[in-house]
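First up is the structure itself, then whatever we jot down about it.
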Amino acid sequence: MTSSLGTFCRAGRQLRRRVLAHRRLLAGVLALLAVVLGLQAARPPAPVTAALTVARHDLPAGAVLTAADLTTVAVPPRAVPAGVVRRPTGRVLAAGLRRGEPLTDLQLVGPGLTAGHPDLVALPVRLPDAGMAALLRVGDHVRLLATDAQRGTTTTVAPDALVLALPSDDDATAAKVSSAGVTSALGGRLVVMGLPESLVTLVTSASVRDFLTYAYPN
623 MTSSLGTFCR AGRQLRRRVL AHRRLLAGVL ALLAVVLGLQ AARPPAPVTA
673 ALTVARHDLP AGAVLTAADL TTVAVPPRAV PAGVVRRPTG RVLAAGLRRG
723 EPLTDLQLVG PGLTAGHPDL VALPVRLPDA GMAALLRVGD HVRLLATDAQ
773 RGTTTTVAPD ALVLALPSDD DATAAKVSSA GVTSALGGRL VVMGLPESLV
823 TLVTSASVRD FLTYAYPN
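Each residue of the sequence shown is one higher than the last, beginning at 623 in this note's numbering.
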């Protein structure tokens, strides 16, 4: 019994001597641990982000969007623009898009094109001359003119039409004009115009009866 007690005491003294011999090292380790824990406690929480769909590469006007054209980035919630489109695949671009730009309803062919223009409606109009239509840019204001080939007269059918979109028209061929002045439905280039609702019927009738062209206002 006495021998066991003595052995225990000797082991205790040896442990105490070892602890005292390494007390500076232990103190340093504990201090370092305290600093690490303090830094972790003071670290701000991870920022809140939102997923935003953007163009993976430059896209031309009229492109039909596919999954390969899009990617998702994390941005602060306040950086998400109004009218962002969550599922844009299969939609048609109304205007060109640069790599990294987000997709909103204003950039896609659809009802959103007239956002900000409550006095206008979006009307697809086929211009018979594709080369002439290629000069247009989204945002242009033009005067729509209708020429009657039989009578040789030209009238203004829309004094201030806004170009809202220029969808691609891969199947379009050169415009063909019959002896009656009617253009082929497959020719030319389709342009989405913003017009007052009161002019929709007049422009629609002229587009199937006359040769449509445009002029830039002064």
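All residues carry an ideal CB built from backbone N, CA and C; glycine is no exception.
These numbers come from a predicted model, not from an experiment.
In terms of residue numbering, what span does the beta strand (DSSP E) encompassing A831 cover? One detail in the question is off: residue 831 reads as Arg in this sequence, not Ala. Premise fails: R831 lies in the alpha helix (DSSP H), V822 to R831, not in any beta strand (DSSP E).
Cβ neighbour criterion (16 or more within 10 Å) applied to P818: exposed
Would you tell me roughly how many angstroms separate the C-alpha atoms of T671 and R708, rounded to the nearest one? 16 Å
State the beta-bridge partners of G738 as determined by DSSP. Answer is none; G738 lacks a bridge partner.
For the ligand FAD, any of its heavy atoms closer than 7 Å to the Cβ of A783? Questions concerning the ligand FAD fall outside what the structure shown contains, since it holds no ligand whatsoever.
Residue burial classification, L836 (beta-carbon count within 10 angstroms, cutoff 16): Correcting the residue identity first, residue 836 is Tyr in this sequence and not Leu. With 16 or more other Cβ atoms within 10 Å, it is buried.
For L757, which of helix, strand or coil comes out of DSSP? coil
Using only the alpha-carbon positions, how far apart do P698 and N840 sit? 43 Å
So A716 and A828 are in contact, right, with Cβ under 8 Å, and what is the actual spacing, rounded? Going by Cβ atoms, the distance from A716 to A828 rounds to 23 Å, so no, they are not a contact pair.
Exposed or buried, what is G650 when buried is set at 16 or more other beta-carbons lying within 10 Å of its beta-carbon? exposed
What span of residues does the beta strand (DSSP E) with L784 cover, start to end? T775 to A787
Rounded to whole angstroms, what's the CA-CA distance from A771 to D832? Just pull it up for me. 7 Å
State buried or exposed for R720, treating a residue as buried only when at least 16 other CB atoms are found within 10 Å of its CB. exposed
What is the DSSP secondary structure of R748, reduced to helix, strand or coil? strand
Give a yes or no on whether the C-beta atoms belonging to A752 and R811 are separated by under 8 Å. yes
Helix or strand or just coil, what does DSSP make of G809? strand
Sorted by chain position, which residues of the same chain lie with C-beta nearer than 8 Å to T823's C-beta, five sequence neighbours on each side aside? none
Taking 7 Å as the limit between beta carbons, can you name the residues of its chain near A802, skipping five residues before and five after? Interpretation of A802 is limited by its pLDDT of 44, a score under 50 that renders its predicted location unreliable; the figure taken from the coordinates is listed afterwards. Counting only Cβ-Cβ distances below 7 Å, and skipping sequence neighbours, we find Q772.
Report, in whole angstroms, the separation of the C-beta atoms of R759 and V785, which I expect to be a contact under 8 Å. 7 Å
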